[in-house]
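Below: one structure, written as structure tokens.
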Amino acid sequence: MTKMANIKPTHFNWRMEGDVAVISLDRPDRKNPLTFESYAELRDTFRDLVYADDIKAVVFGSNGGNFCSGGDVHDIIGPLINKDMKGLLEFTRMTGDLVKAIIACGKPVIAAVDGVCVGAGAIIAMASDLRLATAASKTAFLFTRVGLAGCDMGACAILPRIIGQGRAAELLYTGRSMSAEEGERWGFFNRLVEADVLEAEAIALATRISQGPNFGHMMTKTMLAQEWNMSIEQAIEAEAQAQAICMQTEDFNRAYKAFVAKEKPVFEGN
């Protein structure tokens, strides 16, 4: 396992709150767009999180009142016009690799959404495990608004599983903004909070999760992703195997001893 708490990314903000990593994009003057470089660095960072034993959870937060305005018009969309098919496919695969890295990182990821959350920014929120938002959040999968299909970075597979097929279809066809109230009512957001406590609430939730059985959390995240493609019978068998593995951990033993002693268990992630 590796240590990642003290890394210094070049293209986004990173800090630690205990064993929770807090990430945000760092161009608040432009509502935090993504660039080729930030895409790649985020992808690589989430891939490395698989092996980081000093990080138990991640908060992907907002900056300057906004979450992310998607791919930068000048730094990404403009140059894409001049790429050939090979170059375009390399780019779209890279963006999809970020989603795959978030899903496969082994750590619970909480998106803290304020203000603009559109395009690839909406995808990052979608790919997170949990989502908190403010009443001012505006989330849009606006790919059709720029002449593309709504099927970007896994949206047609993941979004319907969160909010339902019909609602997802409307957002993906029209590119319209989903209000914060709609997002909470539809199950996209776990809850709405005030802007001045958004990050603190997200960190508190991440910290609470990080104090649980982290090996078990990794298995939960793995099963949530893998069981999309399983029958009920396959899922039950996969969960039987996963739970049997977790029963071999020291955290399972600690929980039992704490229960017998009428104490709160202190989990150590092994």
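Residue 327 is where the sequence shown starts when you use this note's numbering, and the numbers rise one by one after that.
Backbone N, C-alpha and C define an ideal beta-carbon position, used for all residues, glycine too.
Look up residue i in the DSSP assignment and say whether it is helix, strand or coil.
{"i": "F514", "result": "coil"}
{"i": "I349", "result": "strand"}
{"i": "N596", "result": "coil"}
{"i": "A587", "result": "coil"}
{"i": "I331", "result": "The amino acid occupying residue 331 in the given sequence is Ala; Ile does not appear at that position. If DSSP states are grouped into helix, strand and coil, A331 belongs with coil."}
{"i": "N579", "result": "helix"}
{"i": "I407", "result": "coil"}
{"i": "T336", "result": "coil"}
If you follow the beta strand (DSSP E) that residue i is part of, which residue opens it and which one closes it?
{"i": "M342", "result": "N339 to E343"}
{"i": "V425", "result": "No beta strand (DSSP E) holds V425; the alpha helix (DSSP H) holding it covers M411 to A430."}
{"i": "F393", "result": "No beta strand (DSSP E) contains F393, which DSSP labels as neither H nor E."}
For the putative contact between residue i and residue j, defined by C-beta atoms under 8 Å, what is the C-beta separation to the nearest angstrom?
{"i": "E367", "j": "T418", "result": "Actually they do not touch by this definition, with Cβ atoms about 18 Å apart."}
{"i": "L458", "j": "V519", "result": "6 Å"}
{"i": "E503", "j": "A462", "result": "Glu is not the amino acid found at residue 503; the sequence shown has Ser there. With a Cβ gap of about 11 Å, S503 and A462 do not count as contacting."}
{"i": "F393", "j": "N358", "result": "7 Å"}
{"i": "A430", "j": "V376", "result": "7 Å"}
{"i": "A494", "j": "I449", "result": "Their Cβ separation, rounded to whole angstroms, is 13 Å, which puts A494 and I449 out of contact at 8 Å."}
{"i": "R356", "j": "S388", "result": "With 8 Å as the limit, R356 and S388 do not qualify as a contact, their Cβ atoms being about 14 Å apart."}
{"i": "G441", "j": "G391", "result": "5 Å"}
{"i": "D374", "j": "M330", "result": "6 Å"}
{"i": "F593", "j": "Q537", "result": "7 Å"}
Name the DSSP bridge partner or partners of residue i?
{"i": "I529", "result": "DSSP, once it has assigned bridges, lists no residue as partnering I529."}
{"i": "V439", "result": "A459"}
{"i": "V384", "result": "A347 and V435"}
{"i": "G397", "result": "L360"}
{"i": "A378", "result": "T328"}
Could you spell out the range, first to last residue, of the alpha helix (DSSP H) harbouring residue i?
{"i": "M549", "result": "N540 to Q552"}
{"i": "I558", "result": "I558 to C572"}
Check whether the Cβ of residue i lies closer than 7 Å to any heavy atom of the ligand COA, and answer yes or no.
{"i": "D345", "result": "Here there are no bound small molecules, and the ligand COA is not part of this structure."}
4-residue-minimum alpha helix (DSSP H) runs that sit fully inside the segment 441-525, ordered along the chain: 446-453, 481-489, 491-500 and 506-512
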